[in-house]
Amino acid sequence: MARINLSRYWKKPYSKKHLITKIRKFYFKNGRIPLKREFNMYREYQQRFGSWNNAIKLAGFKPNQVIFSKKFIAKDGHICDSYAEQIIDDWLFKYKI
C-alpha cells in the first residue's frame with residue numbers, strides 16, 4: 002500500500018514574533034495599522050493572540066475603532082447604533098409606543 006505524503010501542503014505555524022513583525026512592517030510601509038481584512042492570516046492571529054486587537058496591542062499600537070462605530074442619538078435620548086435604528090426609535094417615540 003502506497004503512502005501519500007501531504008506534509009508539503011500543510012503550512013508550518015508562524016511564531017508570535019513573526020506575526021507581530023508583519024504588523025509592524027505593514028505600519029512602517031503604510032503609515033497606519035492594518036485592518037484585519039487586509040491580512041489573509043487573520044485566523045492565525047486570532048488563534049495565537051486571542052483576538053486581532055490583542056495582536057495589534059502587543060505590536061505596540063492602539064487598535065482601530067470599529068469602522069461602523071458612528072452612533073446616533075434618538076429624540077428620546079437613546080444611543081442608536083445606526084441611522085435606521087434612530088429613525089425607528091424616533092417614530093416609536095413620536096407615537097408613544
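In terms of the numbering used here, the sequence shown has 16 at position 15, counting the first letter as 1, and numbering is strictly consecutive.
All residues carry an ideal CB built from backbone N, CA and C; glycine is no exception.
Using the rule of at least 16 other Cβ atoms within 10 Å of the residue's Cβ for burial, across every protein chain shown, is D90 buried or exposed?
The residue you call residue 90 lines up with position 89 of the sequence shown. By the 10 Å Cβ count, D90 comes out buried.
Which residues bound the alpha helix (DSSP H) around R44?
The residue given as residue 44 occupies position 43 in the sequence shown. Note, R44: alpha helix (DSSP H), Y43 to F50.
Quick one: residues in its chain with C-beta nearer than 8 Å to the C-beta of Q87, no 5 flanking neighbours on either side, listed in chain order?
Counting from 1 along the sequence shown, the entry for residue 87 is found at position 86. Closer than 8 Å at Cβ, skipping near neighbours: F73, I74, A75 and C81.
Alpha carbon to alpha carbon, how far is Q48 from P14? Give it in angstroms, no decimals.
Position 13 of the sequence shown, counting from 1, holds the residue named residue 14. Position 47 of the sequence shown, counting from 1, holds the residue named residue 48. In a straight line, the C-alpha of P14 is about 11 Å away from that of Q48.
Look at the alpha carbon of P64 and the alpha carbon of S16, and state the distance between them as a whole number of angstroms.
Mapped onto the sequence shown, residue 64 falls at position 63. Mapped onto the sequence shown, residue 16 falls at position 15. C-alpha separation (whole angstroms): 21 Å.
Contact check, P35 vs I21, beta carbons under 8 Å
Along the sequence shown, read from residue 1 onward, the residue named residue 35 stands at position 34. Along the sequence shown, read from residue 1 onward, the residue named residue 21 stands at position 20. No, Cβ-Cβ distance for P35 and I21 is not below 8 Å.
With burial defined as no fewer than 16 other Cβ atoms inside 10 Å of the residue's Cβ, what is the status of I98: buried or exposed?
For the purposes of this step, residue 98 is identified with residue 97 of the sequence shown, where counting begins at 1. Exposed is the call here.
When you compare only the Cα positions, how much space is there between Y46 and K26?
Sequence index remark: in the sequence shown, residue 46 carries index 45 (1-based). Sequence index remark: in the sequence shown, residue 26 carries index 25 (1-based). Distance between the alpha carbons of Y46 and K26 is about 15 Å.
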